[in-house]
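Report on the following structure.
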Amino acid sequence: MPVHPSSVGKILFTYYPLCLTCMTTILNSLTLIILYQKVFRQRPTIRYMRVIALIDIFILYGWNLDHFFRLKFGFEVDRLTVLSCKLSTYINHFLNQSSAWLRV
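The sequence shown begins at 52 in our numbering and counts up one residue at a time.
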């Protein structure tokens, strides 16, 4: 049975955000574990790096899981309830800007 290019592309675009979320969660968690070592605790710039790693984890869940759910299951997280809309908007917009400001 031949596989159509559109179905391969749809599968790729559906599962790529999920794989990206899983891999970056693991890598950001590894970054947090390293930055919480005793050697780094006394340095003030490491505190900013820890916060940036935490914010990046939340940003990934906001954007990428929304894309996965929309393509795989046909619904958007921010359209389910008022609370999910407010949390999704907060995660997708405010945390994204605060992460950029911390980098500056």
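Here a beta-carbon is modelled for each residue, glycine too, at the ideal position from N, C-alpha and C.
The beta carbon of Thr72 sits closer than 7 Å to the beta carbons of Leu111, Tyr112, Asn115, Leu116 from its chain, once the five residues preceding and following it are set aside; these are given in chain order.
When Cβ pairs closer than 8 Å are counted between the two stretches, the region 120-128 is seen not to touch the region 78-85, the count staying below three.
About 21 Å separates the beta carbon of Asp107 from that of Ser135, a gap too long to meet the 8 Å contact definition.
Nearest Cα to Val155 within the set Leu63, Val59, Tyr99: Tyr99.
Short of 8 Å from the beta carbon of Phe119, and not among the five residues preceding or following it, lie these beta carbons of its own chain, in chain order: Thr65, Tyr66, Pro68, Leu69, Thr72.
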